[in-house]
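Taken in order, the sequence shown gives residues -23 to -1, 1 to 396; the numbers are from mature numbering (1 follows the signal peptide of the UniProt record, and there is no 0). Right, one structure below, let's go through it.
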Amino acid sequence: MKKKIVSLSLITTLLAASVLGCASKEGGGNDSDGKYSGVTLNYWSMWNSSEPQGKVIQEAADAFAEETGATINIEWKGRDINTLLSTALSSEEEIDIFEDSYMNIAKNYADYSYDLTDMAKEAGYAEQSFACFNDKVIEWAGFLCAITEQPQVGGVWYNKDIFEDCGISETPATWDEFLEVCQILVDNGYQPLALDSAYADFTYGYHLDRIIGQDVIKDMAINGGWSKQEGVAQAADDIIDFVKKGYLAKGAPDEYPASQNKMGTEQDIAMVVCANYVTSEVATNTGAELKWGMFNYPEVEGGVDPVNAFAGANSIAISSYSENEQAAFDFIMLLTSGKWDQKMADTASQIPADPSNTEPDTLSGSIETLKETTAPLDWNMGMNDNSDLKANFKDTIIKLYEGKFATGQEFAEAMDALY
């Protein structure tokens, strides 16, 4: 009997030790039982470690290492990364993951980027991302080679408190509704629209896109023919009428960033046409924490493009020669969806990459606008395609907002005279 008791005690002790050993391995992070134990991922980041984005990336990398046993070596390359990537990728430096704009990845680095199509399908990535960016990447590269990390969007950014004070409960969807809102603002003692000269071509380009579409603008930018395209004069006439009605803020078009800063310093200017970073610029420059909202640039009756918005994205790719592509993809998905994407949006005050997450209050309306967009617009809606004349385009458009053209046709002829 004594021997049986001893044997039972020994068995109990061994079982307890076995359970404790298993528990220790499950919580041990970089141990031999992790899914990616022994895997090292080399990550070239466009951020710096001290930036909000860098801090979240590092935290996510640490969490991934703890969960899977992988090691992630992050090299903080900063904004100079786009001057380094081409040589580094072509010489197959030890890079598994890298960041750049989605356009650069798809247009310049597609040959060095892994085809993510199958892994994305398996992970249900389409339901955790904005279709407009994925579709554009595939259009440019021929396959999905970039995962969106930091979306950007342009449109009309407005002070919600001013709208509320004027009894404006709905944002305008059409140009006529937009003009009605502007008049309500004026009647209540507010200035409708801030405009800095730096964004004059962006603002006019938006209006012109609504009428004739970006493809036509791109063609005119290269080949001319502005005065032969009726929509150019129509768009310019709309702006001339807008200025005559007093809907531009005093001093506009102003020297950047004077006009947008007045939204923070004077707080009697209601709107500005820009990209999402304008909210942080005004806050940084003036210290004012405005209650921002955003709506898509209004549709123009009879125009060809009612809903597309300017949109861009910093994105993440996997090198075509990576030997750990699945581990790299799994980490990218961890970072750009769910709780880590939400933390990135909250910490860095940016639009979430996962549309099921929540945008910061200052970027209210941005997710809805990106969901509506099927073909993202370029910055300045194609006018920048002519690098030789884009500065001249801007100068001529500034004159339009300064009221120096009597008619839209006169403006169109001035654009043609630049060639």
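Every residue, glycine too, gets a C-beta built ideally from N, C-alpha and C.
Discussion item. So Ile216 and Leu377 are supposed to be a Cβ contact under 8 Å. How far apart are they, rounded?
Written reply: Rounded to whole angstroms, the Cβ separation of Ile216 and Leu377 is 6 Å, and the two are in contact under 8 Å.
Item to complete: Give the straight-line distance between the Cα atoms of Phe272 and Tyr135, rounded to the nearest whole angstrom.
Response: Take the alpha-carbon of Phe272 and the one of Tyr135: they are about 8 Å apart.
Worksheet item: Is the distance from the Cβ of Gln129 to the Cβ of Gly359 below 8 Å?
Response: One thing to note: Gln129 has its Cβ no nearer than 8 Å to the Cβ of Gly359.
Discussion item. I'd like the span of the beta strand (DSSP E) that includes Ile295, first residue to last.
Written reply: Ile295 -> beta strand (DSSP E) spans Ala288 to Ile295.
Worksheet entry | Nonlocal neighbours in the same chain, by C-beta distance under 6 Å from Asn25, ignoring five residues either side | In the same chain as Asn25, and ignoring 5 residues on each side of it, the C-beta atoms closer than 6 Å to its own belong to Gly31, Trp53 and Gly55, in chain order.
Discussion item. Looking only at its chain, what residues have a beta carbon closer than 6 Å to the beta carbon of Gly208, apart from the 5 residues adjacent to it on each side?
Written reply: Here the set comprises Ile188 and Ile189.
Worksheet item: Whose C-beta lies closer than 7 Å to the C-beta of Asn369 among residues of the same chain, with five residues either side of it excluded?
Response: Only residues of its own chain outside the window of five on either side were considered, and among them Leu395 have a CB closer than 7 Å to the CB of Asn369, listed in chain order.
Worksheet entry | Cβ-based neighbour list, residue 398, same chain, cut-off 8 Å, excluding 5 preceding and 5 following | With the chain represented from -23 up to 396, any question about residue 398 goes unanswered, as that position is not in the structure.
Practice prompt. Please classify Gln168: is it buried, with 16 or more other beta-carbons within 10 angstroms of its beta-carbon, or exposed?
Written response: Gln168 comes out buried.
Discussion item. For Asp73, which residues in the same chain have their Cβ closer than 7 Å to its Cβ, ignoring the five residues on either side in sequence?
Written reply: Closer than 7 Å at Cβ, skipping near neighbours: Leu18, Asn19, Tyr20, Ile295, Ser296, Ser299, Asn301 and Ala305.
Discussion item. Short of 8 Å in beta carbon distance, which residues of its chain neighbour Ser1, apart from the five on each side in sequence? Order them along the chain.
Written reply: Residue confidence for Ser1 is low, a pLDDT of 35 falling below 50, so the modelled location carries little weight and cannot support an answer.
Fill in: Reduced DSSP category for Thr242 - H, G, I as helix; E, B as strand; rest coil
Assignment of Thr242 by DSSP, reduced to helix, strand and coil, places it in the helix class.
Worksheet item: When DSSP builds the beta bridges, which residues end up paired with Gln127?
Response: Residue pairing by DSSP puts Gln127 in a beta bridge opposite Asn291.
Discussion item. I want to check one thing, is the minimum distance from the CB of Gln168 to the heavy atoms of the ligand ATP below 7 Å?
Written reply: Absence of the ligand ATP is noted for the structure shown, with no ligands found whatsoever.
Discussion item. Contact defined as beta carbons within less than 8 Å: I believe Asp173 pairs with Asp231. What is the distance between those atoms, to the nearest angstrom?
Written reply: For Asp173 against Asp231, the beta-carbon gap comes to about 5 Å, under 8 Å, which counts as contact.
Discussion item. Below 8 Å on the Cβ atoms is my contact criterion, and I expect Ile328 with Ile309 to pass it. Report the Cβ-Cβ distance as a whole number of Å.
Written reply: At roughly 17 Å, the Cβ-Cβ gap does not stay under 8 Å, so Ile328 and Ile309 are not in contact.
Fill in: Alpha carbon of Thr64 to alpha carbon of Trp117, nearest angstrom
Pairing Thr64 with Trp117, the inter-Cα distance amounts to about 21 Å.
Discussion item. Considering only the alpha carbon of each residue, which of Tyr183, Gly119 and Ala171 lies closest to Gly228?
Written reply: Ranking Tyr183, Gly119 and Ala171 by Cα distance to Gly228 puts Ala171 first.
Item to complete: Label Ser236 either buried or exposed according to how many other C-beta atoms from any shown protein chain fall within 10 Å of its C-beta, with 16 as the threshold for buried.
Response: So Ser236 ends up on the buried side.
Worksheet item: Based on the DSSP output, what are the partners of Ile72 in its beta bridges?
Response: Residue pairing by DSSP places Ile72 in no beta bridge whatsoever.
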